[in-house]
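*Asks:*
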Amino acid sequence: MQLPYELALGLRYTRAGRTTRRNGFISFISGVSMLGIALGVAALIIVLSVMNGFQKDVRDRMLSVVSDIEIFAPGGAALPDPALTLAEARRNPAVVGAATFISAQALLARGDDMRGVMVRGIDPAHEGEVADLGSTDHAAVLQKLVPGQFGIVLGQELARALGVVAGDPITLVSPSGDVTPAGVVPRLKRMTVVGTFDSGHYEYDSALAMIHQDDAARLFRLEGPTGIRLKLKDLQQARQVAAQLAGSLSGDLLIRDWTQQNKTWFSAVELEKRMMFIILTLIVAVAAFNLVSTLVMTVTDKRADIAILRTLGASPRSIMGIFVVQGAMVGVIGTLGGLALGLLIAFNIDVIVPFLEQLFHASFLPKDVYLISRMPSDPQRGDIVPIAAISLVLAFIATLYPSWRASRVNPAEALRYE
Numbered sequence: 009m010q011l012p013y014e015l016a017l018g019l020r021y022t023r024a025g026r027t028t029r030r031n032g033f034i035s036f037i038s039g040v041s042m043l044g045i046a047l048g049v050a051a052l053i054i055v056l057s058v059m060n061g062f063q064k065d066v067r068d069r070m071l072s073v074v075s076d077i078e079i080f081a082p083g084g085a086a087l088p089d090p091a092l093t094l095a096e097a098r099r100n101p102a103v104v105g106a107a108t109f110i111s112a113q114a115l116l117a118r119g120d121d122m123r124g125v126m127v128r129g130i131d132p133a134h135e136g137e138v139a140d141l142g143s144t145d146h147a148a149v150l151q152k153l154v155p156g157q158f159g160i161v162l163g164q165e166l167a168r169a170l171g172v173v174a175g176d177p178i179t180l181v182s183p184s185g186d187v188t189p190a191g192v193v194p195r196l197k198r199m200t201v202v203g204t205f206d207s208g209h210y211e212y213d214s215a216l217a218m219i220h221q222d223d224a225a226r227l228f229r230l231e232g233p234t235g236i237r238l239k240l241k242d243l244q245q246a247r248q249v250a251a252q253l254a255g256s257l258s259g260d261l262l263i264r265d266w267t268q269q270n271k272t273w274f275s276a277v278e279l280e281k282r283m284m285f286i287i288l289t290l291i292v293a294v295a296a297f298n299l300v301s302t303l304v305m306t307v308t309d310k311r312a313d314i315a316i317l318r319t320l321g322a323s324p325r326s327i328m329g330i331f332v333v334q335g336a337m338v339g340v341i342g343t344l345g346g347l348a349l350g351l352l353i354a355f356n357i358d359v360i361v362p363f364l365e366q367l368f369h370a371s372f373l374p375k376d377v378y379l380i381s382r383m384p385s386d387p388q389r390g391d392i393v394p395i396a397a398i399s400l401v402l403a404f405i406a407t408l409y410p411s412w413r414a415s416r417v418n419p420a421e422a423l424r425y426e
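Residues in the sequence shown are numbered from 9 upward in steps of one, following the working numbering.
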């Protein structure tokens with residue numbers, strides 16, 4: 009099948025054509041534009057994939073100790089009917105796990121050291137339904153929480169700050185004190201450290217302590233659990249499921265999903281992603297608009313060809329189409345090359361980064377500084393498709409003015425000195 013002559017000439021002009029010095033220079037500039045678009049697209053894909061990977065990794069670490077959804081009574085009071093609320097929550101098809109808990113603030117003292125902590129009373133038998141315990145060691149530690157023995161599991165950073173290890177005694181100071189003739193006296197309880205956990209997130213490892221739910225109820229003088237933690241099939245649906253539960257649960261209850269618990273952090277990450285997208289898109293824009301100079305020089309070089317085509321009956325629209333095809337081909341090839349390069353690196357970054365670290369004898373992510381020691385990557389279609397579309401649109405826009413100029417060439421003027 010024969011191609012339309014606009015497309016055929018556009019593809020021909022994309023190649024080197026005549027091997028003159030001037031034409032060779034134009035082809036070089038065209039190649040630089042193509043390479044710039046490819047590198048810009050690849051940089052966008054790699055950076056956004058790495059940011060997605062960091063976000064996913066940190067989010068997963070948070071969700072090892074934070075619930076997908078929490079249901080709790082106002083004011084930290086006990087739930088009016090925990091069994092009914094549990095049954096109603098489990099009816100939602102998106103819920104795959106549920107467990108009651110007690111949440112309260114307290115002080116932990118060890119000698120002269122004292123730390124404010126969030127104490128979470130859990131049911132070890134059901135905690136695995138709602139928490140990613142990470143390893144069998146963590147699950148075994150939680151099973152050491154036996155009601156009546158007042159054992160406590162501390163975050164690894166909290167245990168380090170207090171200087172305690174498994175088997176050491178520690179004092180828990182409850183804010184709900186005892187009333188005596190001398191006034192309100194804080195309630196003190198001697199606890200035994202039975203183990204530690206490491207979620208990989210400093211905020212929780214340094215300020216969270218877990219005890220058995222029955223012991224928590226006795227210490228904080230509660231009649232039952234203060235909330236219910238839920239695990240979902242798809243944590244990305246947390247907001248929708250929370251809205252559904254708000255309309256289906258009985259009683260005056262509050263519902264909070266994981267995005268609300270860490271709203272500031274996730275908002276900051278989304279803002280950083282948006283800004284990086286804008287900044288790196290400018291790189292693609294610069295490369296795309298290099299096409300303007302390329303096509304302007306091509307139009308100048310091809311004035312005689314344009315004039316001949318016009319005298320043979322080619323319309324201004326056809327002439328414009330020839331140079332739009334040429335510029336668009338540069339944009340398409342550059343975009344496809346950038347997609348291939350970006351995805352190749354993004355999907356193999358766990359191999360590339362260790363190789364570079366070994367080659368340069370450097371550590372890009374020191375374990376003692378960052379939460380993670382490997383470079384994560386999570387390419388997402390929601391990022392890649394807009395990147396490709398924007399690159400193609402910018403390349404197309406860049407072709408319009410030079411192509412319009414080509415369509416305005418006067419055949420008589422162009423052929424005067426030929």
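Backbone N, C-alpha and C fix where the C-beta goes; we use that ideal spot for every residue, glycine too.
Going along the chain, which residues of its own chain have a beta-carbon closer than 6 Å to the beta-carbon of Ala51, five neighbours each way excluded?
*Replies:* Leu288
*Asks:* Do you know how far the Cα of Pro387 is from the Cα of Arg99?
*Replies:* Within the model, the alpha-carbon separation for Arg99 versus Pro387 is close to 34 Å.
*Asks:* Can Asp176 and Arg118 be called in contact, C-beta distance under 9 Å?
*Replies:* Going by C-beta atoms, Asp176 is nearer than 9 Å to Arg118.
*Asks:* Please state whether DSSP places Ala414 in a helix, a strand or coil.
*Replies:* helix
*Asks:* By the 10 Å Cβ neighbour count, where 16 or more other Cβ atoms means buried, how is Val417 classified, buried or exposed?
*Replies:* buried
*Asks:* Using a C-beta cutoff of 9 Å, does Leu299 count as contacting chain C?
*Replies:* In summary, chain C is missing from the structure at hand, where a single protein chain is found.
*Asks:* For the beta strand (DSSP E) holding Gln113, just list the boundary residues, first then last.
*Replies:* Val103 to Arg118
*Asks:* Do the CB positions of Val127 and Ala225 come within less than 9 Å of each other?
*Replies:* no
*Asks:* Rounded to the nearest angstrom, what separates Ser275 and Gly255 at their Cα positions?
*Replies:* 27 Å
*Asks:* I'd like the span of the alpha helix (DSSP H) that includes Arg229, first residue to last.
*Replies:* Looking at the DSSP string, Arg229 is not in any alpha helix (DSSP H), and its letter there is neither H nor E.
*Asks:* For Ser214, which of Ala167, Gln151 and Asp65 has the nearest alpha-carbon?
*Replies:* Ala167
*Asks:* So what's Ala406 in DSSP terms, helix, strand or just coil?
*Replies:* helix
*Asks:* Are the CB atoms of Asp76 and Leu243 within a distance shorter than 9 Å?
*Replies:* yes
*Asks:* Determine the direct distance from the alpha carbon of Leu262 to that of Pro82, and round the result to whole angstroms.
*Replies:* 7 Å
*Asks:* Is Val49 closer than 9 Å to Gly342 when the C-beta atoms are compared?
*Replies:* yes
*Asks:* Just to confirm, is the Cβ distance from Ser87 to Gly232 under 9 Å?
*Replies:* Just to set this straight, residue 87 is Leu in the shown sequence, not Ser. In contact: Leu87 and Gly232 (Cβ atoms closer than 9 Å).
*Asks:* Mind checking which residues open and close the beta strand (DSSP E) that includes Arg99?
*Replies:* Neither: Arg99 is in no beta strand (DSSP E) and is coded neither H nor E.
*Asks:* Given that a residue counts as buried once 16 or more other Cβ atoms are within 10 Å of its Cβ, and exposed if not, what is Tyr2?
*Replies:* There is simply no residue 2 to check, as the chain begins at 9 and stops at 426 in what is shown.
*Asks:* Using a 10 Å radius around the Cβ and a threshold of 16 neighbouring Cβ atoms, would you call Ala85 buried or exposed?
*Replies:* The Cβ neighbour count for Ala85, taken over all protein chains shown within 10 Å, is under 16; the residue is labelled exposed.
*Asks:* For Val172, collect the residues of the same chain with a Cβ closer than 8 Å to its Cβ; drop the 5 residues on either side in sequence, then sort them by chain order.
*Replies:* Arg118, Leu162, Ile178 and Val201
*Asks:* Please classify Arg69 as buried or exposed, where buried requires at least 16 neighbouring CB atoms within 10 angstroms.
*Replies:* By the neighbour-count criterion, in which a residue is buried when 16 or more other Cβ atoms sit within 10 angstroms of its Cβ, Arg69 is buried.
*Asks:* Is the CB-CB distance between Val181 and Glu137 below 9 Å?
*Replies:* no
*Asks:* Please report the distance separating the alpha-carbon of Phe285 from that of Ala315.
*Replies:* 43 Å
*Asks:* Hey, how far is the Cα of Phe62 from the Cα of Ala246?
*Replies:* 20 Å
*Asks:* Shortest alpha-carbon distance to Ile392 belongs to which of Asp222, Gly44 and Leu349?
*Replies:* Leu349
*Asks:* At what residues does the beta strand (DSSP E) containing Arg264 begin and finish?
*Replies:* Leu262 to Asp265
*Asks:* What number of angstroms, rounded off, separates the C-alpha of Ala414 from the C-alpha of Met59?
*Replies:* 43 Å
*Asks:* Give me whichever residues DSSP pairs with Lys239 in a beta bridge.
*Replies:* Under DSSP, Lys239 forms a beta bridge with Gly105.
*Asks:* Is the region 292-302 close to the region 392-409, with three or more CB pairs under 8 Å?
*Replies:* yes
*Asks:* Could you have a look at Val249 and say whether DSSP puts it in helix, strand or coil?
*Replies:* helix
*Asks:* Specify, as a first and last residue, the run of the alpha helix (DSSP H) that Leu317 falls within.
*Replies:* Arg311 to Thr319
*Asks:* Does the Cβ-Cβ distance between Gly259 and Thr93 come in under 9 Å?
*Replies:* yes
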